[in-house]
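> Here it is, the structure in full.
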Amino acid sequence: MTPRTSPLGVVVVGYGYWGPNIVRNVMERPELELIALCERDPAQVRRFEARTPGVPSSDDFDALLADPRVDAVCIATPPRTHYALARKALEAGKHVLVEKPLATAVEDAEALVDLAERKELVLMPGHTFLYSPPVNKIHDLITSGELGEIYFVTSSRMNLGLYQADGVVCDLAPHDLSILLYWLDRRVASVSAAGCTVFDPDVAETAFLTLRFEDGPSANVQVSWLAPRKVRQMIIVGSRKMVQYDDTMPDGAVRIYDRGLDMEVVQEPANFGEHRLTYRSGDIVAPRIDAAEPLSLELADFANSILTGARPRSHSRLGLEIVRVLAAAEASLAGSGEPVVISREGTLVSKAAPLGPDTRAA
Ligand SMILES: NC(=O)c1ccc[n+]([C@@H]2O[C@H](COP(=O)([O-])OP(=O)(O)OC[C@H]3O[C@@H](n4cnc5c(N)ncnc54)[C@H](O)[C@@H]3O)[C@@H](O)[C@H]2O)c1
């Protein structure tokens with residue numbers, strides 16, 4: 001890998017809903033310099049030009065990749081375009097930050113991870129929540145043991161959302177999955193998913209996922225574009241304490257409950273009836289959480305990993321694992337909710353029927 005120096009030259013691809021946030025943060029980070037925007041919709045290009053005078057734009061991705069001032073590419077286009085754009089950028093020797101999910105098919109995500117590793121380039125999926133201060137506060141509570149053994153997590157991510165061709169699982173679940181994998185730090189062993197499809201039989205607007213993690217906790221994730229209001233809530237239940245995280249409340253996102261159930265043994269119990277359950281109901285604490293823009297921290301991590309070789313927190317193998325879980329969820333949805341097992345090697349196996357020779361991207 002050619003050593004890079006700061007500021008790193010960046011091209012942002014896509015200026016729809018999310019791209020403008022990446023453009024703004026690239027321009028604000030001292031380690032990065034926006035060389036150009038790549039966008040093919042003239043209306044979006046006009047928006048960009050009005051807000052960002054003096055920075056060029058082009059719809060010719062190949063020409064931008066040929067520019068030696070460009071060290072890295074940030075891809076903020078729809079999920080089904082990620083693989084082709086990221087592959088081109090890696091082949092051109094550029095570091096890549098690609099929005100979530102890394103790709104829409106497992107074999108595509110695997111190919112990108114292999115290519116980046118072979119070329120010693122940073123490939124970072126944009127799992128922004130890994131840089132969110134409340135998510136990191138809860139990560140600290142879990143890893144320090146303050147919550148005790150984690151029994152289960154529930155997550156609801158719903159709103160009257162923008163209908164997208166890739167489906168609600170691909171759109172919203174990467175956030176929950178990235179947070180869960182980061183917090184619990186173990187692989188997902190199986191997924192079952194049920195859904196609700198109102199408008200297009202091929203695109204679920206609502207899905208309910210049940211995840212079983214290796215050696216431990218379960219998680220339930222509800223994602224929907226059909227809800228009366230924005231819901232972004234997670235509950236973490238541990239043996240010592242419980243946490244509620246409501247991402248719609250910036251000032252009070254995390255509440256730690258000193259609550260739970262303890263089983264008290266009555267002398268030498270002959271049966272379960274001689275155990276006594278006691279309820280703990282202690283303080284509710286709202287910890288102080290420093291304000292910071294997650295996307296800015298994510299871009300700082302991207303720059304740092306290019307400059308130092310350190311693995312970013314949101315790393316490519318985590319992105320690949322998330323694509324596998326998404327594929328398992330989609331396969332379970334298609335199979336009427338039958339659990340899909342993810343083997344240690346990463347292949348998907350349906351309990352109902354074999355998924356075929358290579359249905360990892362089902
Ligand atoms: N990390 C987050 O919190 C977060 C939040 C929202 C969206 N996203 C992700 O950002 C990505 C983009 O989502 P969005 O809602 O902004 O989509 P969008 O459809 O609003 O915008 C995509 C833009 O990309 C452009 N585009 C598509 N193909 C292109 C190509 N080949 N070359 C140049 N431009 C191209 C389109 O013209 C469009 O303007 C998705 O992967 C989404 O999952 C991430």
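In terms of the UniProt record's numbering, the sequence shown has 35 at position 35, counting the first letter as 1, and numbering is strictly consecutive. Cβ coordinates follow ideal geometry from the N, Cα and C atoms, glycine included. Note that the structure is a prediction, hence the values are computed from the model and not measured.
#1: Count the other C-beta atoms from every protein chain shown that fall within 10 angstroms of the C-beta of ARG118, then say buried if there are 16 or more, exposed otherwise.
#2: Mapping the DSSP letters down to three states, classify HIS139 as helix, strand or coil.
#3: Exposed or buried, what is LEU130 when buried is set at 16 or more other beta-carbons lying within 10 Å of its beta-carbon?
#4: Enumerated in chain order, which unbroken segments of the alpha helix (DSSP H) with a length of 4 residues or greater are wholly contained in the region 271-350?
#5: Considering only heavy atoms of ligand 1, does any lie closer than 8 Å to the CB of GLN222?
#6: Looking at ligand 1, does it come within less than 8 Å of PRO101, judged from the CB to the closest heavy atom?
#7: Curious, which full-length beta strand (DSSP E) runs of at least 3 residues does the region 18-49 contain?
#8: Check whether the Cβ of GLN244 sits closer than 8 Å to any heavy atom of ligand 1, and report yes or no.
#9: For the alpha helix (DSSP H) containing ARG232, name the first residue and the last one.
#10: Relative to the alpha-carbon of VAL153, which residue among LEU184, LEU160, LEU162 and GLY309 has its alpha-carbon at the smallest distance?
#11: For LEU261, collect the residues of the same chain with a Cβ closer than 8 Å to its Cβ; drop the 5 residues on either side in sequence, then sort them by chain order.
#12: Does the distance between the C-beta of LEU320 and the nearest non-hydrogen atom of ligand 1 fall short of 8 Å?
#13: What does a CB cutoff of less than 8 Å around LEU307 pick up in its chain, not counting 5 residues either side in sequence?
#14: How would you label HIS175, buried or exposed, when you count the other beta carbons within 10 angstroms and need 16 or more for buried?
#15: Opposite TYR163 in the DSSP bridges: which residues?
#16: Closest by CA to VAL135, which one among TYR151, ILE150, TYR182 and MET158?
#17: So the beta strand (DSSP E) GLY209 belongs to, where does it begin and stop?
#18: Using C-beta distances below 7 Å, list every residue in its chain close to HIS139, excluding the 5 sequence neighbours before and after it, in chain order.
#19: Nearest to GLU214 by alpha carbon, out of ILE342, GLU49 and GLN44?
#20: Give the straight-line distance between the Cα atoms of GLU107 and TYR257, rounded to the nearest whole angstrom.
#21: Within 8 Å: the Cβ of HIS315 and any heavy atom of ligand 1?
#22: By DSSP's criteria, LEU8 is part of a beta bridge. Which residues make up the other side?
#23: Could you spell out the range, first to last residue, of the beta strand (DSSP E) harbouring ASP246?
#24: Report the CB separation of VAL26 from LEU34 in whole angstroms; it is logged as a contact under 8 Å.
#25: Please tell me whether GLY337 has its Cβ less than 9 Å away from any Cβ of chain B.
#26: Would you be able to state if there are at least three C-beta pairs under 8 Å between the region 293-300 and the region 159-170?
#27: State the beta-bridge partners of THR154 as determined by DSSP.
#28: Can you name, in chain order, every residue of its own chain whose Cβ lies under 6 Å from the Cβ of PRO354, other than the five neighbours on each side?
#29: Strictly by DSSP, which residues pair up with GLY126?
#30: Would you say the beta carbon of HIS176 comes nearer than 8 Å to a heavy atom of ligand 1?
#31: Looking at the strands, I want to know which residues DSSP matches up with VAL198.
#32: Kindly confirm or deny that the region 72-88 and the region 163-172 touch, where touching means at least three C-beta pairs closer than 8 Å.
#33: Which class does ARG51 belong to by DSSP, given the choice of helix, strand or coil?
If we stick to the structure as given:
#1: exposed
#2: helix
#3: buried
#4: 294-308 and 316-334
#5: No, ligand 1 has no heavy atom inside 8 Å of this Cβ.
#6: yes
#7: 32-38
#8: no
#9: Looking at the DSSP string, ARG232 is not in any alpha helix (DSSP H); the run it does join, the beta strand (DSSP E), is 231-238.
#10: LEU184
#11: LEU277, THR278, TYR279 and ARG280
#12: no
#13: ARG4, THR5, SER6, LEU8 and GLU31
#14: buried
#15: Per DSSP, none; premise fails for TYR163.
#16: TYR182
#17: The question names Gly, yet the displayed sequence has Leu at residue 209. First-last of the beta strand (DSSP E) with LEU209: 206-213.
#18: TYR182 and TRP183
#19: Of the candidates ILE342, GLU49 and GLN44, the one whose C-alpha sits nearest the C-alpha of GLU214 is ILE342.
#20: Between GLU107 and TYR257, the C-alpha separation is close to 42 Å.
#21: Because no heavy atom of ligand 1 lies under 8 Å away, the Cβ of HIS315 does not count as near it: no.
#22: LEU32
#23: 242-246
#24: Rounded, the Cβ-Cβ distance is 5 Å, consistent with contact.
#25: Judged by its chain identifiers, the structure shown contains no chain B, having just a single protein chain.
#26: no
#27: Bridge pairing for THR154: ASN220 and ILE235 [DSSP].
#28: Residue confidence for PRO354 is low, a pLDDT of 48 falling below 50, so the modelled location carries little weight; the figure read from the coordinates is stated next. Contacts found: none.
#29: GLU99
#30: Sequence inspection shows Asp at residue 176; the His mentioned does not correspond to that position. ASP176: no, Cβ never under 8 Å from ligand 1.
#31: Beta bridge pairing from DSSP links VAL198 with no other residue.
#32: yes
#33: helix
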